[in-house]
Amino acid sequence: MLSEETITAIADELVQAGVTRTPVPRLTARYPEMTVEDSYRVQNLWRQRSEANGRVLAGRKIGLTSRAMQMATGITEPDYGIIFDDMVLDSGCTVKWDQYTHPRIEMELAFKLNKDIKGPNANIFDVLEATEYVIPALEILDSRIEMEGRTIVDTISDNAAMGAMVIGGNPVRPEVVDLRWVSGILFKNQTVEETGVAAGVLNHPAAGVYWLANKIAAHGDKLNAGEIILAGSFTRPMWVYENDTVFADYGPLGTVTCHFE
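Set out below in structure tokens:
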């Protein structure tokens, strides 16, 4: 494990990278002995730094839960990160492209909780019972660490590449629709770029939520009522550039859109 001094230096580096929009050199190239546990230590300290600067926790994101994303990244285990309230945007928003580094877009479902979910033995029924509603979302991926050759250790340290999320469409109770069969069409500038089905996320999008509850239980943490949980992408990441308009069609669950300027 890395020393506390090194963990602190990395976390401070990433906070600064978020301000300057300049990715830092890959951590695993500089610290080949760095472990997954080290990377979550970095992420937790980055979270503390952010909260000390006034940011407020809104929820969590789960990443790398679908085969599409694992094939796209070469990383085969899920990870998670933090969502602050300033990362939650409304459909129809315009965002500055250069606010992010190498921005990409994914289609996901988000779970808004009205009950706590506590591991280590949480299951899909706990998630469905604790969910107030499910809502379509887009995730804007960001990178504070250079992308070439990244491993899961780099990605976790980088808050699982979380930039922002855009929510919209029609909130639904989880028992109203078969969440496995929620499908989506992702457009960029009126061209279909990606399609997918929510079952691509661990066979059920709620599976990632209880995976997360069980994962963080080892650190004495739990998912809290009021949090929004971004459950993982069922499409590959789509690159976006200045002046691109993104439109996601979730069928009966409605649409989500954003524009980059």
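First residue of the sequence shown: 177, per our numbering; consecutive thereafter.
Just so it is clear, CB atoms sit at the ideal spot from N, CA and C, and this is done for glycine as well.
Remember, it's a predicted structure, so these values are computed and weren't measured experimentally.
Next on the checklist: Could you pull the DSSP bridge partners for K237 from this structure?
Outcome noted: G257, L406
Item to check | G372, buried or exposed, once every other Cβ within 10 Å from all chains shown has been counted against 16 | outcome: buried
Next on the checklist: Just to confirm my understanding: we take N365, look at its own chain, exclude 5 residues before and 5 after, and list those with CB closer than 7 Å. What are they?
Outcome noted: D420, T421
Item to check | Buried versus exposed, by CB contacts within 10 Å (16 or more), S272 | outcome: Correcting the residue identity first, residue 272 is Lys in this sequence and not Ser. Its Cβ having fewer than 16 others within 10 Å, K272 is exposed.
Checklist entry - Cβ atoms of R202 and D330: under 8 Å apart, would you say? => result yes
Next on the checklist: Please classify F436 as buried or exposed, where buried requires at least 16 neighbouring CB atoms within 10 angstroms.
Outcome noted: buried
Checklist entry - Cβ of T241 within 7 Å of any heavy atom in the ligand FMN? => result Absence of the ligand FMN from the depicted structure is noted, as is the absence of any ligand whatsoever, leaving it without description.
Next on the checklist: Using the three-state DSSP reduction, which class does D292 fall into: helix, strand or coil?
Outcome noted: coil
Checklist entry - Relative to the alpha-carbon of P208, which residue among K291, M177, D302 has its alpha-carbon at the smallest distance? => result M177
Checklist entry - Taking all protein chains shown into account, do 16 or more other C-beta atoms lie within 10 angstroms of the C-beta of V303, making it buried, or fewer, making it exposed? => result buried
Checklist entry - Does the count of Cβ pairs from the segment 382 to 400 and the segment 316 to 323 closer than 8 Å reach three? => result no
Checklist entry - Which word fits V352, buried or exposed, when buried means at least 16 other C-beta atoms lie within 10 angstroms of its C-beta? => result exposed
Next on the checklist: Check for me: the alpha helix (DSSP H) holding E227 runs from which residue to which?
Outcome noted: 212 to 228
Item to check | Member of N390, T411, Y386 whose CA lies at the smallest distance from the CA of V368 | outcome: Minimum Cα-Cα distance from V368 among the listed residues N390, T411, Y386 corresponds to T411.
Item to check | With 16 other Cβ atoms within 10 Å as the buried cut-off, status of Q192 | outcome: exposed
Checklist entry - Taking the alpha carbon of N379 as the point to measure from, which residue in C269, N297, I392, L355 has its own alpha carbon closest? => result Of the listed residues, the one whose Cα sits closest to N379 is L355.
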